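Numbering of the sequence shown is given in the working numbering, commencing with residue 836 and proceeding in unit increments.
In this text, a Cβ means the ideal position worked out from N, Cα and C, and glycines have one as well.
Only a predicted model underlies this, so the values are computations on that prediction, with no experimental measurement involved.
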Amino acid sequence: MVAAAPSKPVADAREYLDSEPPGGAAASRRCRLMSDQHITAVSGTGVPIPGDDIDTDQIVPAKFMKEVTFDNMADYLFYDARREDDGTFNDHPLNRFEGASIAVVNSNFGCGSSREHAPQAMMRWGVDGVVGESYAEIFRDNCKSLGIPAVTADHETVTELQEWIETNPDGDVRIDVADETVTYGDTTIDVDIDGSMQEALVDGIWDTTALMYSNRSKVDATVDGLPYAESDD
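Written out as structure tokens, the structure reads:
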């Protein structure tokens, strides 16, 4: 069955391309400034987020899903887990390791619903990379589309890194995407990364929206060739 031709006017399609990408000004800056970025490594202080099966509803509670942009997602990251019943902050790792950029998690992180809000919130909070035992596949793919390397290691290795961060909160953690290693202190460990993620990050083709913007002439040509249906409006 052939789908009906869209009735959206060509002018509207061009207006979309001329507007900010979904997510507002912050997403626009990231899209346009990082469109040609080859991500071979990321580094920064770490934040351990222990626990298996941490789902996307814990990462960003469903009550915030009604927002139509990702602009405020950083404020909602682990919103309930970081607060007591009276709204005061507790000792959740994100409250203790503010400013960290490398999250270290355990198994099946990002499971549950496929909401992109979870990695969006992590990115906007400041997370540039994730080290974990395993991830939900859709969460990992969403990380790739945001330029966030998500690498894996075994339970013992991840636990040792989490413990090191607890005692070295100002220590640097470096994820080398190209070499598949993580370095912290005097230790370098081998990690695994999904092949398609590694290729996309290293080759600088992870941001498909930015690629579209960088090939505007080809997009315009495609728009011109689309068989738009006539509208009665």
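Which ranges would you report for the beta strand (DSSP E) in the segment 955-1030 if only whole runs of at least 3 residues count?
964-967, 985-987, 1007-1011, 1016-1019 and 1022-1025
Nearest-angstrom beta carbon gap, Thr891 and Gly964 [assumed within contact, 8 Å]
Translated into the one-based positions of the sequence shown, residue 964 becomes position 129. Translated into the one-based positions of the sequence shown, residue 891 becomes position 56. Their Cβ separation, rounded to whole angstroms, is 19 Å, which puts Gly964 and Thr891 out of contact at 8 Å.
Contact set for Glu1001: own chain, Cβ-Cβ below 8 Å, skip 5 residues either direction:
As a first step, residue 1001 is located in the sequence shown; it is residue number 166 there, counting from the start. The residues are Pro883.
In the DSSP assignment, find the alpha helix (DSSP H) that holds Ser1052 and state where it starts and stops.
Start at 1 with the first residue of the sequence shown, and residue 1052 comes out as number 217. Start and end: Arg1051 to Gly1060.
Assigned exposure category for Arg1051 - 16 Cβ within 10 Å defines buried
Position 216 of the sequence shown, counted from the start, is the residue given in the question as residue 1051. Classification of Arg1051: exposed, given that the 10 Å Cβ count is below 16.
Rounding to the nearest angstrom, what Cα-Cα distance links Gln893 and Glu995 in this structure?
Counting from one through the sequence shown, the residue named residue 893 turns up at place 58. Counting from one through the sequence shown, the residue named residue 995 turns up at place 160. Cα to Cα, the separation comes out at about 24 Å.
Contact set for Glu919: own chain, Cβ-Cβ below 8 Å, skip 5 residues either direction
Working through the sequence shown from its first residue, we reach residue 919 at position 84. For Glu919, where only same-chain residues beyond five positions count, the Cβ hits under 8 Å are Asn925.
Evaluate the contact criterion for the segment 976-985 versus the segment 952-961: three or more CB pairs, one atom per stretch, below 8 Å.
yes
Between Ile930 and Glu951, which are expected to be in contact by the criterion C-beta below 8 Å, what is the C-beta distance as a whole number of angstroms?
For this step, residue 930 is matched to residue 95 along the sequence shown. For this step, residue 951 is matched to residue 116 along the sequence shown. Looking at the sequence provided, one finds Asn at residue 930 rather than Ile. Their Cβ separation, rounded to whole angstroms, is 24 Å, which puts Asn930 and Glu951 out of contact at 8 Å.
Grouping DSSP H, G and I as helix and E and B as strand, with all else coil, what is Pro928?
Position 93 of the sequence shown, counted from the first residue, corresponds to residue 928. Three-state result, Pro928: helix.
When Asp915, Leu1036, Lys1053 and Val1017 are compared against Gly967, the one with the closest alpha-carbon
The residue given as residue 967 occupies position 132 in the sequence shown. For the residues Asp915, Leu1036, Lys1053 and Val1017, the minimum Cα distance to Gly967 belongs to Val1017.
Ala935, DSSP secondary structure in three states:
Within the sequence shown, residue 935 is the residue found at index 100, counting from 1. Looking at Ala935 - three-state DSSP - the assignment turns out to be coil, as it is neither helix nor strand.
Between Val1008 and Gly881, which are expected to be in contact by the criterion C-beta below 8 Å, what is the C-beta distance as a whole number of angstroms?
As a first step, residue 1008 must be located in the sequence shown, where it is residue number 173. As a first step, residue 881 must be located in the sequence shown, where it is residue number 46. That belief holds up - the Cβ atoms of Val1008 and Gly881 are roughly 4 Å apart, short of 8 Å.
At the level of alpha carbons, what is the spacing between Glu1015 and Val877?
Position 180 of the sequence shown, counted from the first residue, corresponds to residue 1015. Position 42 of the sequence shown, counted from the first residue, corresponds to residue 877. Their backbone Cα atoms lie some 12 Å apart in a straight line.
Using DSSP with H/G/I as helix, E/B as strand and the rest coil, what is Gly886?
On the sequence shown, residue 886 is found 51 positions in, with the first residue counted as 1. Three-state result, Gly886: coil.
My output table needs one value for Thr891: the three-state DSSP class, helix, strand or coil.
Here residue 891 refers to the residue found at position 56 when the sequence shown is read from its first residue. Helix.
Coarse secondary structure for Val1037, derived from DSSP in three states
Mapped onto the sequence shown, residue 1037 falls at position 202. In this structure, Val1037 counts as helix in the three-state DSSP scheme.
When we look at the beta-carbon of Asn907 and count the other beta-carbons within 10 Å, is it buried (16 or more) or exposed?
By 1-based counting over the sequence shown, the position of residue 907 is 72. With fewer than 16 other Cβ atoms within 10 Å, it is exposed.
Starting from Tyr911, trace the alpha helix (DSSP H) both ways and give me its first and last residue.
Locating residue 911 in the sequence shown gives position 76, where the first residue counts as 1. Its alpha helix (DSSP H) spans residues Met908 to Tyr911.
Bridge partners for Arg918 per DSSP, in chain order?
The residue labelled residue 918 in the question sits at position 83 within the sequence shown. Phe924.
Leaving out five residues before and five after Asp1029 in sequence, what residues of the same chain have Cβ atoms less than 7 Å from its Cβ?
Reading the sequence shown from its first residue, position 194 is the one you call residue 1029. Closer than 7 Å at Cβ, skipping near neighbours: Arg975.
Thr1043 in three-state terms, based on DSSP:
Sequence index remark: in the sequence shown, residue 1043 carries index 208 (1-based). In this structure, Thr1043 counts as helix in the three-state DSSP scheme.
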